[in-house]
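Colleague:
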Amino acid sequence: MPALLEHPLTLLSLALLLSLVMPAQRLPPLLVTGLQRLGRRLNRPAYSPGYLTVAGGALLLCLWLPLVSAWWALATLAPWPALLDVLLLWAGLDLGRLGRALPLCLRQIPQQRHLARLTLAPLCLRQTDPLSELGLRKALAETALLRLAGDFTLACWYLAGGAYAALGVILLRATAQAWPRKLVDWRHFGALPSALYRALAWLPFHLLALTLLIYPGSLRALRAWPKGGLWAFPAAGRLLAVAGGGLGAGLGGPRRYTAGTDYYPKLGGTAPLGQAEVAALLRRLVLALLFWLSLAWTLTLVPLLHG
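When you line the sequence shown up against the working numbering, it's residues 1145 to 1451, in that order.
#1: In or out: F1377 buried (at least 16 other Cβ within 10 Å) or exposed?
#2: At what residues does the beta strand (DSSP E) containing G1392 begin and finish?
#3: Report back the beta-carbon spacing between R1391 and G1413 to the nearest angstrom; my notes put them in contact at under 8 Å.
#4: Taking C-beta to C-beta, are R1317 and S1338 nearer than 7 Å?
#5: Tell me whether the region 1308-1315 and the region 1405-1422 touch, counting them as touching only if at least three CB pairs, one residue from each stretch, are closer than 8 Å.
#6: Which whole-angstrom value describes the C-beta separation of L1284 and L1250, a residue pair presumed to lie in contact below a C-beta threshold of 8 Å?
#7: Starting from G1305, trace the alpha helix (DSSP H) both ways and give me its first and last residue.
#8: Does the region 1225-1241 come into contact with the region 1164-1184, if we say contact requires no fewer than three beta-carbon pairs (one atom in each stretch) closer than 8 Å?
#9: Quick check on the DSSP output: the alpha helix (DSSP H) that includes G1243 runs from which residue to which?
#10: Whose C-alpha, out of A1368, Q1180, L1242, P1223, is nearest the C-alpha of D1430?
#11: Which residues in the same chain as A1335 place their Cβ atom closer than 6 Å to its Cβ, once the five residues preceding and following it in sequence are excluded?
#12: Check whether the region 1359-1373 touches the region 1339-1349, counting contact only when three or more Cβ pairs, one atom from each stretch, lie closer than 8 Å.
#13: Could you tell me which residues DSSP puts in a beta bridge with L1411?
#14: Over the uninterrupted alpha helix (DSSP H) stretch that includes V1230, give me the two end residues.
#15: Could you check if C1300 is buried or exposed, using at least 16 other CB atoms within 10 Å of its CB as the buried criterion?
#16: With a threshold of 16 other CB atoms inside 10 Å of the CB of A1385, please say whether the residue is buried or exposed.
#17: List the residues that DSSP assigns as beta-bridge partners of R1400.
#18: Does the region 1189-1208 touch the region 1252-1264, meaning 3 or more C-beta pairs lie closer than 8 Å?
Below you can see the structure in the form of structure tokens.
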């Protein structure tokens, strides 16, 4: 029993509960803002693309080494190192923030669109001011899918590699958000962090996309699967395509990150994404994550009970 209390799955479950009860509302935005300010000192328009790519990778390495050293020192000196794992996961999870912001935003969209834009703005990179009612619903759905898939990636790597793997995922995720390749100004500087994060997220994103195939509409979702390869990050594109295709609703399409409009592939179905479809998508996503958590607990407890 003492071993079970310090099992990584127990610590992950405690972090999930803590995130739902007391979300880390301010810590992730502060981390991303700090990384942006740090990156701007090296990311100058006058520098060549090759230099910026190397500079982004070098800064990532300069951040990673002190973090690992500090974590090792804390874990060595702490009386209960497992508590540090819980706090690390709590700080890196978006689940609690999304659990409060997205349902509120969904309720605000029909009658209080200006408030919905303000609620959604801190959670997504795109500009929310010009979004229509349909645009807000699509932005909300895509934000939920990609951010919760990021949490799933963090959970998978923590269970596979422990706290150091989780620390790496959190750092890569934060740098990918702070130095986004979707923006021209960061395209070269954020290339290496983005590529590393996508490599780590490839398998978890595909596992989550395959899980969404068990719901009604799986044939539509399967037909939509190939279009996901047109996305800049194909694993994320397939997740969006399967989620939208299963409901027969469209995701993707044009969006604004700056003053200009960026044209992204249209994924999923052809019908407009309605309020009911967004709510259904959120339920499916939460149930898919619960499925994997339940499966992990089953695989952990059965050997203990029959050992």
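We treat Cβ as the ideally placed atom computed from N, Cα and C, and that holds for glycine. These numbers were taken from a predicted model, which means no experiment stands behind them.
Modeller: This is what the structure gives:
#1: buried
#2: Note, G1392: premise wrong, no beta strand (DSSP E); not H, not E.
#3: Reading off the sequence, residue 1391 comes out as Leu, not Arg. L1391 to G1413, Cβ: 7 Å. Contact.
#4: no
#5: no
#6: 6 Å
#7: 1277-1322
#8: yes
#9: 1239-1252
#10: The residue asked about is misnamed: residue 1430 is Val in this sequence, not Asp. Of the listed residues, the one whose Cα sits closest to V1430 is L1242.
#11: T1197
#12: no
#13: L1395
#14: 1225-1236
#15: buried
#16: buried
#17: T1405
#18: no
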